[in-house]
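Chains as they are written, first to last, in my numbering: chain A, 308 to 423; chain B, 4 to 119. Glycine is no exception: its CB is placed at the ideal position from the N, C-alpha and C atoms. Quick caveat, the model's predicted, so the values are computed rather than measured. Input: a single structure, listed below in structure tokens.
What follows is the structure, given as structure tokens:
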């Protein structure tokens, strides 16, 4: 069964607008972590933001914020004031458990394109 | 921040030969490292979990004799694609988590393997 679902294969957004990338997850483990990574065309995976399942507040990192709705099992990424350099693939990911051996699984990704 | 170095970044090899890919954590110790495979325009698929000093744990459907993993030290894991064939051509990327910090995983730059 799909554990991480990203329903938007592609999105186009005008520069300087805010954009929300959707992510829902499924787990029965009370301890988990949620991640967003950016993958530009070069292939590298760039860590953007992390939310732990016990964190009370939504995570924020600069222009990135994570809208964590635990009851709905959603972890949407919000990018404020989008820039041309934000064009890339974005992956939502989840780790079940908190040990260093807990594996991270990825959603199918959303390709974000920023229009000038 | 923590750095994971993966080498080589690109490799072209002939069918039937073996290719070794290295993944090093440069400034932290990683008891566990992970190897992913990514086909064009697709998500990262976890292949195996590399455990320092013990056998790797392979995901279902991944041939362990085909993809040999060795994790000889706390900072180095290697993936060897044995008797490579054109269908093994893909983007391989490793990740590692700092044993002392229980948050995000850091990724190597990835290796683009082309088997001709």
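First and last residue of the uninterrupted beta strand (DSSP E) at residue i
i, result
"residue 41 of chain B", "35-41"
"residue 359 of chain A", "353-359"
"residue 27 of chain B", "22-28"
"residue 381 of chain A", "381-386"
"residue 9 of chain B", "7-10"
"residue 54 of chain B", "47-54"
"residue 374 of chain A", "371-376"
"residue 94 of chain B", "93-99"
Chain B contact residues for residue i, given Cβ-Cβ distances below 7 Å
i, result
"residue 416 of chain A", "46"
"residue 342 of chain A", "107"
"residue 410 of chain A", "37, 49 and 52"
"residue 413 of chain A", "46 and 47"
Beta-bridge partners of residue i, as assigned by DSSP
i, result
"residue 70 of chain B", "B/84"
"residue 318 of chain A", "A/419"
"residue 117 of chain B", "B/15"
"residue 340 of chain A", "A/359 and A/402"
"residue 78 of chain B", "DSSP, once it has assigned bridges, lists no residue as partnering residue 78 of chain B."
"residue 330 of chain A", "DSSP lists no partner for residue 330 of chain A."
"residue 412 of chain A", "A/401"
"residue 311 of chain A", "A/332"
"residue 395 of chain A", "A/419"
"residue 368 of chain A", "A/371"
Beta-carbon neighbours of residue i, restricted to chain A and to distances below 7 Å
i, result
"residue 96 of chain B", "352"
"residue 63 of chain B", "Residues of chain A passing the Cβ test: none, with the nearest at roughly 13 Å."
"residue 113 of chain B", "350 and 351"
Chain B contact residues for residue i, given Cβ-Cβ distances below 8 Å
i, result
"residue 398 of chain A", "46 and 47"
"residue 319 of chain A", "Ordered by position in chain B, no residue passes the 8 Å Cβ test against residue 319 of chain A, which lies about 17 Å from the chain."
"residue 395 of chain A", "Chain B residues near residue 395 of chain A: none, gap ~13 Å exceeds 8 Å."
Presumed contact (8 Å Cβ cut-off) between residue i and residue j, rounded CB distance
i, j, result
"residue 396 of chain A", "residue 341 of chain A", "17 Å between Cβ atoms; not a contact."
"residue 53 of chain B", "residue 80 of chain B", "4 Å"
"residue 417 of chain A", "residue 318 of chain A", "6 Å"
"residue 107 of chain B", "residue 354 of chain A", "5 Å"
"residue 313 of chain A", "residue 415 of chain A", "5 Å"
"residue 7 of chain B", "residue 99 of chain B", "5 Å"
"residue 109 of chain B", "residue 410 of chain A", "The pair is not a contact, with the Cβ atoms about 15 Å apart (cut-off 8 Å)."
"residue 336 of chain A", "residue 404 of chain A", "6 Å"
"residue 381 of chain A", "residue 327 of chain A", "The Cβ separation is near 11 Å, so there is no contact."
"residue 393 of chain A", "residue 356 of chain A", "No, residue 393 of chain A and residue 356 of chain A are not in contact; Cβ-Cβ is about 14 Å, not under 8 Å."
"residue 118 of chain B", "residue 16 of chain B", "6 Å"
Residue i Cβ short of 6 Å to the ligand ADP heavy atom set
i, result
"residue 310 of chain A", "Annotation note on the ligand ADP: not contained in the displayed structure, which lists no ligands."
Chain-ordered chain A contacts of residue i [CB-CB under 9 Å]
i, result
"residue 125 of chain B", "Within the shown structure, residues of chain B are numbered from 4 to 119, placing residue 125 of chain B beyond reach of any answer."
"residue 42 of chain B", "Ordered by position in chain A, no residue passes the 9 Å Cβ test against residue 42 of chain B, which lies about 12 Å from the chain."
Return the residues of the stretch 71-84 of chain B that lie within a Cβ-Cβ distance of less than 9 Å from chain A, sorted by chain order.
So the list is empty, because no residue satisfies the distance condition.
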